[in-house]
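Everything on this sheet refers to the single structure shown next.
Numbering (the numbering used here), first residue to last: 125 to 282.
In structure tokens:
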């Protein structure tokens, strides 16, 4: 099925964001694990795996629309040097991704590509939930202090 060129280009931009997200959250997971912050490691690792599955769906959709998925492009990862900075950068990244998804959903609606739109709506819901989790982490840091927050996220195996 020949897809709309604008939709294919927009889906490739979303794919670039997902590929960047995979790398970003995987690296953050391994940094957290290295620091003994097992709960944050687990959360970031699961996020990177979910993003991989979402990228796979995007690749399948682009191919179905007779486009060529661009797997060679990544955006800048923006990796933090400490937990609080990492969570802040992740929240900023999520906000940009959510905005991109909303724009792409609107384009799909305009071009009457409802299958792509529905796939992106599902992706948007997941990304909004993850942003909510990140905002909760910021709230906890602000209210229980960073040292207590970090202690609460340490591995149970000492």
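Note that beta-carbon positions come from the ideal geometry of N, C-alpha and C, so glycine has one too.
Here the structure is a predicted model, which means the values were calculated and not measured.
Restricting to Cα atoms, I'd like to know which of the options is closest to residue i.
| i | options | result |
| --- | --- | --- |
| residue 143 | 200, 277, 276 | 200 |
| residue 202 | 273, 148, 131 | 148 |
| residue 247 | 193, 192, 161, 175 | 175 |
| residue 251 | 224, 274, 266 | 224 |
| residue 212 | 265, 127, 272, 140 | 265 |
| residue 283 | 133, 128, 161, 187 | The chain is shown from 125 up to 282; residue 283 falls before or after that span and cannot be answered. |
| residue 218 | 249, 192, 233 | 249 |
| residue 197 | 141, 269, 128 | 141 |
| residue 287 | 228, 190, 214, 209 | Because residue 287 is not part of the residues shown, which for the chain are 125 to 282, the question remains open. |
| residue 231 | 170, 244, 272 | 244 |
| residue 242 | 257, 210, 182, 130 | 182 |
| residue 193 | 132, 233, 216, 171 | 132 |
| residue 145 | 226, 204, 221 | 221 |
| residue 210 | 279, 272, 134, 165 | 165 |
| residue 151 | 170, 273, 279 | 170 |
Can you tell me whether DSSP reads residue i as helix, strand or coil?
| i | result |
| --- | --- |
| residue 203 | coil |
| residue 258 | helix |
| residue 125 | coil |
| residue 279 | coil |
| residue 180 | helix |
| residue 267 | helix |
| residue 190 | coil |
| residue 133 | helix |
Buried or exposed: where does residue i fall if 16 or more other Cβ atoms within 10 Å of its Cβ makes it buried?
| i | result |
| --- | --- |
| residue 261 | buried |
| residue 136 | buried |
| residue 277 | buried |
| residue 185 | buried |
| residue 195 | exposed |
| residue 269 | exposed |
| residue 282 | Because the pLDDT of residue 282 is 46, which lies under 50, any placement of that residue in the model is unreliable, and the number read from its coordinates should be weighed accordingly. When all chains shown are included, residue 282 counts as exposed. |
| residue 126 | exposed |
| residue 237 | buried |
Need the endpoints of the alpha helix (DSSP H) that residue i sits in, please.
| i | result |
| --- | --- |
| residue 161 | No alpha helix (DSSP H) holds residue 161; DSSP gives it neither H nor E. |
| residue 271 | 270-276 |
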